[in-house]
Each structure stands twice: as C-alpha cells, then as structure tokens.
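Residue numbers (our numbering): 922 to 1029.
Reviewing the structure listed below.
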C-alpha cells in the first residue's frame, strides 16, 4: 500500500502532512527532511524505509539522499560536467541530480 499521509512530530504536536503536498524528501543524518511549499518537517525515518511506500511514478529518486515529486520539477539543467540540477515549483533552492539518476532527464 502507498503512503498517503506522513506524521511529523514537533514537540508534543503531530502534524499530518499529505504526501501529495511533499515537494521533496532529503536525508539529513538520522532524519529525513520533508519539504512542502509552506514548511519543512523532520521525521525519524530513513529514505530506505520510506521509498517502498512511495509511488515510483510520482516520486523520483534523483540522488542517494533525495527523492522529489516529479510534478513539482519545473526544469532540469545540465552543467559542463554532465551533472543535472532541478528547479522546483514553489522553492528557491535547486536540487542536484547524481550521475546515477541523470538519465531520468535526458529529454524525449
């Protein structure tokens, strides 16, 4: 079964974050950053545990520690070394695509 809601705890408050609002997940030490347009949360889950619960058609792994919701990607740009960088809807930072996953953005 696919995950539809992520429970993110902050102190004694547990926020219910709909998975379809998540722009990307990023591994950070023992935590996982869950980034939405409005805010970000830290959850105590590894990417390895979370990945099987996400729809691979919807969430693309683009780096060892990064999974992004495909519909939130506005563009992919390659530099001279062949590395790709993603621009995301509603976010100012760009995400790096490792060479292992660069084939996802070769254009059709």
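No residue lacks a Cβ here, since even glycine has one placed at the ideal position from N, Cα and C.
Note that this is a predicted model, so its numbers are computed, not measured.
(request) Throw me the rounded Cβ distance for the residue 964 and residue 952 pair, which I believe falls under 8 Å. (result) In this structure residue 964 is in contact with residue 952, their Cβ atoms being roughly 7 Å apart against a cut-off of 8 Å.
(message) By the three-class DSSP mapping on this structure, what secondary structure does residue 1021 have?
(response) helix
(request) State buried or exposed for residue 989, treating a residue as buried only when at least 16 other CB atoms are found within 10 Å of its CB. (result) buried
(request) Just mark residue 935 as buried or exposed, buried being the case when its beta carbon has 16 or more other beta carbons within 10 Å. (result) exposed
(message) In whole angstroms, give me the CA-to-CA distance for residue 925 and residue 1004.
(response) 32 Å
(message) Helix, strand or coil, according to DSSP, for residue 958 in the structure here?
(response) coil
(request) Below 7 Å CB to CB, which residues in the same chain sit around residue 979 once its five sequence neighbours on both sides are set aside? (result) 990 and 991
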